[in-house]
Amino acid sequence: MYSFDRALRVMVIRELEKIEISIRSKMMYVLSHDYDPFWHADPKLFKSFPAYEKTLANLESEYSRSKEEFIVNFKNKYDNPLPPSWILLEISSFGTVSSLYSNLIPGRPKRQVANHFGLNDTVLQSWMHSIVYLRNMCAHHSRLWNNNLNISPVIPHKTSKPWLLNQDVSNKRTYFMLSILLYLLQTINPKNSFVKRFVALLEAYPNIDVKAMGFPGNWTKEDLWK
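All you need for my numbering is the position in the sequence shown, starting with 1, plus 198.
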């Protein structure tokens with residue numbers, strides 16, 4: 199069981215990196231275009247000032263600690279307290295990126311980022327938080343395969359790509375989290391091989407009961423998982 203769980207965590211964290219890069223890139227492009235490159239430094243663009251101050255402190259800390267060559271070069275060349283978003287978000291944790299998005303004021307730019315992934319902003323906001331949670335589980339070697347999660351990701355009512363037709367599943371189980379991951383991968387790269395590799399992993403560990411992960415009996419018939 200431990201070997202399967204470890205292999206699953208490695209597989210998941212590799213895919214999360216692709217999703218995080220895609221969401222970062224879309225946020226940087228849309229928000230810099232619709233506002234300006236320093237939108238992250240404008241408190242008027244955020245709903246909660248205390249939450250904004252906390253996130254800004256995290257951004258400043260991450261920027262201060264970074265030893266990336268492009269960051270060092272920027273610091274040597276400019277006196278700005280923070281660089282433009284397309285530089286800053288490259289070195290920010292995804293937890294910080296998620297906090298920025300969650301606290302953004304409602305509006306076209308926030309919707310546009312979500313629409314790129316075929317979701318509304320409420321769902322994307324929830325799913326970004328879920329990605330942070332899932333990454334932390336993998337990074338801290340928490341049991342993933344048959345765990346009951348401490349979060350409840352929002353269930354979407356409308357998506358641009360196939361989602362789960364069987365709604366009688368728990369959004370606190372690994373199956374739901376993997377379905378979120380797979381859906382986002384499908385919007386980024388429809389030719390991704392996640393399902394193929396996941397099935398191969400199950401075949402390598404035939405004693406694993408997928409029902410313990412929250413998988414329903416008909417999961418292989420879901421368009422999302424084909």
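Just so it is clear, CB atoms sit at the ideal spot from N, CA and C, and this is done for glycine as well.
Which same chain residues, not among the five before or five after Asn346, have their C-beta less than 6 Å away from its C-beta? Taking the first residue of the sequence shown as position 1, residue 346 is located at position 148. Annotation for Asn346: Lys370 place their beta carbon closer than 6 Å to its own, counting only its chain and skipping 5 residues before and after.
When DSSP builds the beta bridges, which residues end up paired with Phe244? Indexing the sequence shown from 1 puts residue 244 at position 46. Paired residue(s): Leu302.
Buried versus exposed call for Gln365 [16 or more other C-beta atoms within 10 Å across all chains shown]: The residue given as residue 365 occupies position 167 in the sequence shown. Exposed.
What alpha helix (DSSP H) runs, 4 residues minimum, are completely inside the region 258-326? 267-275, 283-289, 292-301, 306-314, all fully within the region 258-326.
When we look at the beta-carbon of Glu213 and count the other beta-carbons within 10 Å, is it buried (16 or more) or exposed? For the purposes of this step, residue 213 is taken as the residue at position 15 of the sequence shown. With 16 or more Cβ atoms within 10 Å of its Cβ, Glu213 is classed as buried.
Just checking, does the region 351-364 make contact with the region 389-409 on the three C-beta pairs under 8 Å criterion? Result no; under three Cβ-Cβ pairs closer than 8 Å.
Does the distance from the CB of Leu342 to the CB of Ala205 come in under 8 Å? On the sequence shown, residue 342 is found 144 positions in, with the first residue counted as 1. On the sequence shown, residue 205 is found 7 positions in, with the first residue counted as 1. Result no, Cβ atoms of Leu342 and Ala205 do not sit closer than 8 Å.
Mapping DSSP to helix, strand and coil, what is Ile329? Position 131 of the sequence shown holds residue 329. Ile329 falls in the helix class under three-state DSSP.
Cβ of Leu362 within 8 Å of Cβ of Val210? Counting from 1 along the sequence shown, the entry for residue 362 is found at position 164. Counting from 1 along the sequence shown, the entry for residue 210 is found at position 12. Contact: no.
CB-CB under 7 Å to Glu266, same chain, minus the five flanking residues each way: which ones, in chain order? Position 68 of the sequence shown, counting from 1, holds the residue named residue 266. Same-chain partners within the cutoff: Ile289.
Assuming Gln384 is part of the alpha helix (DSSP H), what are its boundary residues? Within the sequence shown, numbered from 1, the residue matching residue 384 stands at position 186. Counting along the chain, the alpha helix (DSSP H) containing Gln384 begins and ends at 372-386.
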